[in-house]
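These notes are about the structure you will find just below.
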Amino acid sequence: MATVRSGRVGLRTGARVGALLLLLFLSCAARAYPEESLQTLTFTAAKAFNRCVEGTATPRLSALQVRNLVLGNVAEGEAGVLRRATRWGYYDRAMAEGEDRRWLWLVSTRLHDRFEDRAAKVLMKDGVRATLRYEDLGSVLYYLQRVTIPANVVPIFHPRPWRWPSGDRFTDSPIDEARLSEAGEGLCEALAYTPEALTFDALLEETAEATLDALRQPIADMQSPWYAFWELGEPGRFGRYGEAGNRFGRAANFPCGTDRCQLLDDDPIYAAFAAAQHRLALLATMRGILLLQRDRGGAGP
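For the record, in the sequence shown the residue sitting at position 97 is 96 according to numbering that gives the first Met the number 0, with numbers rising by one throughout.
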């Protein structure tokens with residue numbers, strides 16, 4: 000009997016080890032912007048927000064509030080290996096109320112649970128959480144920024160060690176800070192027209208849908224939409240890379256209507272698309288800040 004029990008323990012231990020190794024392998028399942036890009040987006044949004052609301056009834060951000068925003072934003076993006084393994088962070092446009100969002104009873108494949116939890120904490124006005132509202136908002140902004148990355152919204156399952164590269168090329172597209180700052184200067188009107196009834200959930204959906212709409216648009220004057228790079232799957236299912244493959248920013252040659260499309264390494268067409276998505280991330284971040292500032296009522300540092 001001792002031998003049988005030992006064997007069973009060994010099998011259970013082996014299963015646990017196997018599951019852990021699998022989770023560690025999947026820890027890069029959905030990628031966000033690098034830390035430097037997160038800081039650039041959040042700092043630029045805070046600066047543009049303060050300029051836009053100057054002279055209005057909406058409170059400006061203090062230096063401490065901006066600091067806490069960035070701390071929460073970067074901390075959410077710097078999750079440890081185990082947390083990344085159990086929170087894949089994909090957007091699901093077909094998310095149904097009460098749907099099981101976990102895989103293997105442990106892995107949360109979608110970002111919605113975490114996003115909703117942090118958004119609820121942002122709106123808490125009493126107790127200890129009130130002092131953490133801006134760090135919690137930084138976490139919320141992280142997910143708003145995340146859904147401006149096409150591969151996270153389509154979505155495409157990233158870890159593919161049998162293919163190189165395994166990560167999505169758009170994610171690491173450098174942010175043109177001068178271009179982003181200039182874009183921020185032109186977003187005051189869009190910020191002012193943010194509906195009073197807008198919620199964090201609605202803002203997340205609106206931002207993700209804007210990303211999908213961008214993929215439906217033609218690539219410059221070519222006869223192909225951006226779906227050539229990121230092909231949408233059925234609702235609730237993963238998509239895949241399209242005819243152009245995972246080659247954003249690199250030379251690509253792919254079917255284009257009755258002809259073929261060709262893009263060059265570092266083609267300006269890539270830069271224009273990335274700049275538009277970074278502008279979308281900037282506006283979503285500014286609107287996220289606005290939702291808290293409208294609700295603030297003087298609470299929280």
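No residue lacks a Cβ here, since even glycine has one placed at the ideal position from N, Cα and C.
* To do: Check each candidate in Pro234, Asn252, Val52 and name the one with the smallest Cα separation from methionine 221.
  => Working through the sequence shown from its first residue, we reach residue 221 at position 222. Per the Cα distances, Asn252.
* To do: With a threshold of 16 other CB atoms inside 10 Å of the CB of glycine 232, please say whether the residue is buried or exposed.
  => The residue you call residue 232 lines up with position 233 of the sequence shown. Under this definition glycine 232 is an exposed residue.
* Asked: What first and last residue would you give for the alpha helix (DSSP H) that runs through glutamine 222?
  -> Start at 1 with the first residue of the sequence shown, and residue 222 comes out as number 223. Careful: glutamine 222 lies outside any alpha helix (DSSP H) and carries neither H nor E.
* Locate the alpha helix (DSSP H) running through leucine 122, then write down its first and last residues. => Locating residue 122 in the sequence shown gives position 123, counting from the first residue. Looking at the DSSP string, leucine 122 is not in any alpha helix (DSSP H), and its letter there is neither H nor E.
* Cα separation between leucine 131 and glutamine 38? -> To locate residue 131, count along the sequence shown from 1; it is residue 132. To locate residue 38, count along the sequence shown from 1; it is residue 39. Cα to Cα, leucine 131 sits roughly 19 Å from glutamine 38.
* Should arginine 109 and valine 139 be called a contact, given that it needs their Cβ atoms to be closer than 8 Å? -> In the sequence shown, counting from the first residue as 1, residue 109 sits at position 110. In the sequence shown, counting from the first residue as 1, residue 139 sits at position 140. The answer is no: Cβ separation not under 8 Å.
* To do: Just confirm the distance between the C-beta atoms of leucine 289 and leucine 136, as a whole number of angstroms; I'd bet it's less than 8 Å.
  => The residue given as residue 289 occupies position 290 in the sequence shown. The residue given as residue 136 occupies position 137 in the sequence shown. In fact, because the Cβ distance is near 11 Å, the residues do not count as touching under 8 Å.
* Asked: If you draw a straight line from the alpha carbon of threonine 55 to that of cysteine 187, how long is it in whole angstroms?
  -> The count along the sequence shown starts at 1 and reaches residue 55 at position 56. The count along the sequence shown starts at 1 and reaches residue 187 at position 188. Between threonine 55 and cysteine 187, the C-alpha separation is close to 12 Å.
* Euclidean distance between Cα positions of arginine 40 and asparagine 67 -> In the sequence shown, the residue the question calls residue 40 occupies position 41. In the sequence shown, the residue the question calls residue 67 occupies position 68. The displayed chain sequence assigns leucine, not arginine, to residue 40. Looking at the two C-alpha atoms, the distance is approximately 14 Å.
* Between the Cα of leucine 282 and the Cα atoms of Thr43, Asp266, Leu262, which residue gives the shortest distance? -> Here residue 282 is taken as the residue at index 283 of the sequence shown, counted from 1. Here the closest residue by C-alpha is Thr43.
* To do: Would you list, in sequence order, the uninterrupted alpha helix (DSSP H) runs of no fewer than 4 residues that lie entirely inside the region 132-212?
  => 132-145, 149-152, 176-184, 187-191
* To do: Would you mind stating whether glutamate 115 and leucine 70 have Cβ atoms separated by less than 8 Å?
  => The residue labelled residue 115 in the question sits at position 116 within the sequence shown. The residue labelled residue 70 in the question sits at position 71 within the sequence shown. Not in contact: glutamate 115 and leucine 70 (Cβ atoms no closer than 8 Å).
* Asked: Around the C-beta of tyrosine 89, are 16 or more other C-beta atoms found within 10 angstroms, so that it is buried, or is it exposed?
  -> As a first step, residue 89 must be located in the sequence shown, where it is residue number 90. When all chains shown are included, tyrosine 89 counts as buried.
* Any contact of the region 51-65 with the region 193-207, i.e. 3+ C-beta pairs under 8 Å? -> no
* Asked: Tell me which same chain residues have a C-beta within less than 8 Å of the C-beta of lysine 120, skipping the five on either side of it?
  -> The residue you call residue 120 lines up with position 121 of the sequence shown. Contacts found: Arg128, Leu131, Arg132, Asp135.
* List the DSSP bridge partners of threonine 252. => Taking the sequence shown and counting its residues from 1, one reaches residue 252 at position 253. The residue asked about is misnamed: residue 252 is asparagine in this sequence, not threonine. Answer is Gln261, bridged to asparagine 252.
* Taking only the alpha-carbon atoms, compute the straight-line gap between glycine 183 and glycine 241 and give it to the nearest angstrom. => Here residue 183 is taken as the residue at index 184 of the sequence shown, counted from 1. Here residue 241 is taken as the residue at index 242 of the sequence shown, counted from 1. Using only the alpha carbons, I get a separation of about 32 Å.
* State the DSSP-derived secondary structure class of glutamate 75, mapped to helix, strand or coil. => Taking the first residue of the sequence shown as position 1, residue 75 is located at position 76. Reduced to three states, the DSSP call for glutamate 75 is helix.
* Asked: Can you name the start and end residues of the alpha helix (DSSP H) that arginine 59 belongs to?
  -> On the sequence shown, position 60 is the one that residue 59 refers to. No alpha helix (DSSP H) contains arginine 59, which DSSP labels as neither H nor E.
* Asked: Excluding five sequence neighbours on each side, which residues of the same chain lie with their C-beta closer than 7 Å to the C-beta of alanine 274?
  -> Within the sequence shown, the letter at position 275 stands for residue 274. Closer than 7 Å at Cβ, skipping near neighbours: Asp175, Arg178.
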